[in-house]
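Participant: Quick note on numbering: the UniProt record's numbering labels position 20 of the sequence shown as 20, and the sequence is numbered without any gaps.
The structure that follows is given in the form of structure tokens.
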Amino acid sequence: MVAHRSRRLEGLLGARLDTVSHAQIAALKTNAVSESYDLEFKGELYGGNDRAKRDLAGDVAALANTAGGVLLLGVAEDDQARAAELPGVALSDSEVLRYRNIVADLVHPLPTFDIRQIEDPDQPGNGFLMIAVPRSPSAPHGVSVNEGLRYPRRNGASIIYLTEAEVAAAYQDRFARRQTRHDDLLRYERDLISRLDASDQTYVVVTLVPDLSGDFTLDTKTLRAFRQETIDKDLLVIPRGVSVRYTTVGSRRLIAHGGSEPAKAQWIACELHQNGAGAFAAIAANRTDLAPQGQVDENSIASRIEDEDLVLDIWSGLRFLARHARDRSAAGGTATVRATIEPVTPNLPAELRHPRGFGGTLGSHQLTEPPQVTSVFDIDDLAEDGPALTAATSVLAAGLIQHFGYPETLQITTDGVIRTKYWSSQRYGPRVQQWAAKAKVDTTDETIG
């Protein structure tokens, strides 16, 4: 997958950057497309001398420091910066690796970028080399020059360098963006929690905020499509019979949830924002089921959260929110993710349990306040079924599980390998293994000693 998403470039090329073909790039010449702030043509590969290496590093850093964009090698421009010739370049994995090493050596901090080899079907081994660079939340990126750093940015089709004052302002913006993402995480999480009916249910809540925002049009057509995607659907990776009953809109967001009332969510819920952010909640414990006969105050019962449910809720939330960010809002790159459990209070503690065998308690103690964990993941990794998604699930789940005094996620290793012995056969085991086979995720029968 290519991290950079650009509606403008996708419109010019007629496809997403990760699927664009040789013919679609060749059409840039036919249409006399010009270089711009987010598109640069080069008729040949970058050379091996120091100046050529700095040129590559500067071109990548400039895109990352501005609005992101694409370098197309094998497309030559005329004196008006229009695509004029298509000489192509020799394609090889060794050249791609060389470019990655050059950028890693010379650009600080290292920005996200992808390199695609797009082969000419009529000339095997020859074609176009696409370097796609998303706008970076870690800007400014400096290029090493004579033991110092210079900070390039795009100015139309050319490159200029930031002044000292502009560099200082760019660093201030970086830290401000980081704080803004944290504030947004908390706000979106609170918004969804306020919608949940927590009178007898306890939820795992996952919130995702792309480091670089996307956007989508929120109108009647969008809501209709959202309804078709969610109504009467189980949003979990491994379905457990909980489906969406209601959909609506809020301020700059789509809303869906289960339960019997349109104003209050039960069982499952989500709020999906236009900027690509979102919050997802799924039930982790139903306290009514645990109440002793004749129990009056159901809220005085501890929430007994089974580890398999907790892991599945996080797994599902990560994938669902990442697909919203990528596919609906066209957000790419990395995202900041937070998970918690609600409600948890001194009067309503939570304990971690497992259902396997005769069942039992995990960890050393109950919680009396909501646990929380925050991490950063690549949106594409979370959106696609595969080991990157399961690895992220393991990391985030462990962050909550450790609050209970237990060291790790039993169901999935930190490398994304699924431990089959820790999925109960009555509930999830066979379907988890089916999912793993389809997603090409490794499984193991090994247990933790």
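Even for Gly, the Cβ is constructed at its ideal location relative to N, Cα and C.
Among the candidates 373, 418, 21 and 11, whose CA atom is the shortest distance from the CA of residue 399?
Facilitator: Just measuring C-alpha positions, the residue of 373, 418, 21 and 11 sitting nearest residue 399 is 373.
Participant: Count the other CB atoms within 10 Å of the CB of residue 103; is the residue buried (16 or more) or exposed (fewer)?
Facilitator: Burial call: buried.
Participant: For the beta strand (DSSP E) that contains residue 177, what are its first and last residues?
Facilitator: Unbroken run through residue 177 is the alpha helix (DSSP H), 164-195; no beta strand (DSSP E).
Participant: State the Cα-Cα distance for the pair residue 359 and residue 314, rounded to the nearest angstrom.
Facilitator: 21 Å
Participant: Following the continuous beta strand (DSSP E) through residue 154, name the residue where it begins and the one where it ends.
Facilitator: 152-155
Participant: Might you give, ordered along the chain, the residues of its own chain that have their beta carbon closer than 6 Å to the beta carbon of residue 106, omitting 5 neighbours on each side?
Facilitator: 57, 143 and 144
Participant: Please tell me whether residue 24 and residue 32 are closer than 8 Å, where the distance is taken between their beta carbons.
Facilitator: No, Cβ-Cβ distance for residue 24 and residue 32 is not below 8 Å.
Participant: At what residue ranges does the UniProt domain "Schlafen AlbA-2" (35-156) contain a whole run of the beta strand (DSSP E), taking only runs of 3 or more?
Facilitator: 39-42, 68-73, 83-85, 114-120, 123-134, 142-145, 148-150 and 152-155
Participant: Can you grab the Cα-Cα spacing for the pair residue 150 / residue 138, in whole Å?
Facilitator: Residue 150 and residue 138 have their alpha carbons spaced roughly 15 Å apart.
Participant: Checking the sheet assignment: what are the DSSP bridge partners for residue 360?
Facilitator: 354
Participant: Check residue 254 in the structure and name its three-state DSSP category.
Facilitator: strand
Participant: With DSSP collapsed to three states, give me the class of residue 228.
Facilitator: helix
Participant: Near residue 193, what residues of its chain come up, given a Cβ to Cβ distance below 7 Å and the 5 sequence neighbours on each side ignored?
Facilitator: 205 and 342
Participant: When you compare only the Cα positions, how much space is there between residue 69 and residue 169?
Facilitator: 22 Å
Participant: Does the segment 164-181 come close enough to the segment 238-251 that 3 or more CB-CB pairs lie under 8 Å?
Facilitator: no
Participant: Could you please give me the residues that DSSP links to residue 273 through a beta bridge?
Facilitator: 253
Participant: So, using beta-carbon positions, are residue 460 and residue 268 closer together than 8 Å?
Facilitator: It is not possible to answer for residue 460, since the shown part of the chain is limited to 1 through 449.
Participant: Please name the residue or residues paired with residue 204 in a DSSP beta bridge.
Facilitator: Paired residues: 282 and 341.
Participant: What number of angstroms, rounded off, separates the C-alpha of residue 188 from the C-alpha of residue 207?
Facilitator: 7 Å
Participant: Going by the beta-carbon positions, is the gap between residue 275 and residue 215 smaller than 8 Å?
Facilitator: yes
Participant: With distances taken Cα to Cα, identify the nearest neighbour of residue 209 among 179, 337 and 93.
Facilitator: 337
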